[in-house]
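> So the sequence shown is residues -24 to -1, 1 to 304, counted in mature numbering (1 follows the signal peptide of the UniProt record, and there is no 0). After the structure tokens below, expect a handful of questions from me.
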Amino acid sequence: MIKKLGVLTLVLIFTLSLNNMVLATGNPVSPGIEQIKDNPGNTETEEETADYDANTTPGTGENEPKPVTGPVPSQKLFGMGIPGLHIALDRVKANGSPVAQKVLEKLIESQGDMQSVAQTLGDMAQEELEDIDEKTREELEKVAEELEEKIEQEKEQMENEDKKQVLAKIAEFYNNMGSREKALANLEEILKFMPQDLATYQEIGQIYKKMGNEELKAFVNGQQPVFDVKPRVQNGRTLVPFRALGEALGATINWDPSTQTVSFKKGDNVVQLPVGEKSALVNGRQYTLDIPAFIENGRTLVPLRFISEALKAKVQYLPDTQMVIVTE
């Protein structure tokens, strides 16, 4: 009997203690409280709690994220048509080529990383592309087109070198596919932000050769001016219509019919060329020309190198691909 009373007394004391704890904290307490702390289902760790406290605004208790400092990472991911690639992969596994299967698997594994996708496309040899069925080729072209769209969207955030690498690989893919115009478009896009990149000009020249286009081509600051009279080489000198050249260089141009003289002004530099004469004035100083300016089909043609260098531009000639490159 005494034992039973002792047990009842202990139970009563324990119960009263629990009630006092509830009153003091306002939170119910259960005997399993220590087990909850160690329960694997409670995923918040001490480190996470510390991170939360570190991000909490003092005095407010609000969990506000700290401002991000440092450079913003290049955005290289894009929403490829992964379902389409999976469908294509299933098809080639059934009756397609091993080459197509390998390429599709690599594209899917890339998870949309622009550099990896472009590398995979560009590294495909022409012979490999010829071994791929038409439907798979169409899927690959869709991927290339989506890459182009993504670069256009992200071009302000991407580093120039990253953009160049992706565009160059897309161009290589199109070139191997036989889509020369699309290849040229991507390479010329590079010149818009890298107008002095000689390697890109050389690639452009090689594609023109494959197209059978061996005419003289002139680029000014990465762009091809529209010449209504084709540039030509005479006595080893390239001649181009003066108006198109001047506008491409950002110069003010003028034609004086009374003296048959063309003039260019850019900044503090003034160049004057009387038609038919082997002399020119640059800032009032006279120079001798190898070939004079002349008129053809109502257009005045002037020596490209002399005018460009007089206006402080750099001129390069690539004889293998018949290209003249003017950059400032």
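We treat Cβ as the ideally placed atom computed from N, Cα and C, and that holds for glycine.
1. So what's N162 in DSSP terms, helix, strand or just coil?
2. Examine the Cβ distances between the region 120 to 129 and the region 99 to 111 and report whether three or more of them are shorter than 8 angstroms.
3. Comparing alpha-carbon positions, which option in K242, D232, G212, L215 lies nearest E223?
4. How far does the beta strand (DSSP E) with E190 in it extend, from its first residue to its last?
5. In whole angstroms, what is the alpha-carbon distance linking G60 and Q91?
6. From R281, K139, N136, pick the residue whose C-alpha is nearest to that of P217; which is it?
7. Between which residues of its own chain and L80 is the CB-CB distance below 6 angstroms, once the five residues before and five after are set aside?
8. Could you give the DSSP three-state label for D232: helix, strand or coil?
9. Just curious, the beta strand (DSSP E) that V291 is in, first and last residue?
10. Are the CB atoms of K193 and V302 nearer to each other than 9 angstroms?
11. Taking only the alpha-carbon atoms, compute the straight-line gap between A164 and Q248 and give it to the nearest angstrom.
12. For Q298, count the other beta carbons within 10 Å of its own beta carbon; 16 or more makes it buried, fewer makes it exposed. Which is it?
13. Can you tell me the Cβ-Cβ gap for S239 and N245, rounded? I've got them flagged as a contact below 8 angstroms.
14. Which residue wins for smallest C-alpha separation from Q200, given the options T214, K78, L221?
15. Give me, in chain order, the residues of the same chain whose beta-carbon lies closer than 6 angstroms to that of S284; leave out the 5 immediate sequence neighbours on both sides.
16. Quick one: what does DSSP say residue 307 is sitting in, helix, strand or coil?
17. To the nearest angstrom, how far is it from the Cα of A120 to the Cα of N197?
18. If I271 sits next to V251, beta carbons under 8 angstroms apart, how far is it from one beta carbon to the other, in whole angstroms?
19. Evaluate N71 with the Cβ neighbour count: other Cβ atoms within 10 Å of its Cβ, from every protein chain shown; 16 or more gives buried, anything less gives exposed.
Result, derived from the coordinates:
1. Judged by DSSP in its simplified three-state form, N162 adopts helix.
2. no
3. The option with the nearest alpha carbon to E223 is K242.
4. Unbroken run through E190: none, as it is neither H nor E.
5. One C-alpha to the other measures close to 20 angstroms.
6. R281
7. Same-chain partners within the cutoff: L61, A64, L65.
8. strand
9. 290 to 294
10. no
11. Note on identity: in this sequence residue 164 is Glu, with Ala being the wrong assignment. The alpha-carbon separation between E164 and Q248 amounts to approximately 32 angstroms.
12. Per the 10 Å Cβ criterion, buried.
13. Between N245 and S239 the Cβ distance is about 11 angstroms, and since that is not below 8 angstroms, they are no contact.
14. L221
15. V291, V302
16. Outside the displayed span of the chain (-24 to 304) sits residue 307, for which this structure offers no information.
17. 27 angstroms
18. 6 angstroms
19. Burial call: exposed.
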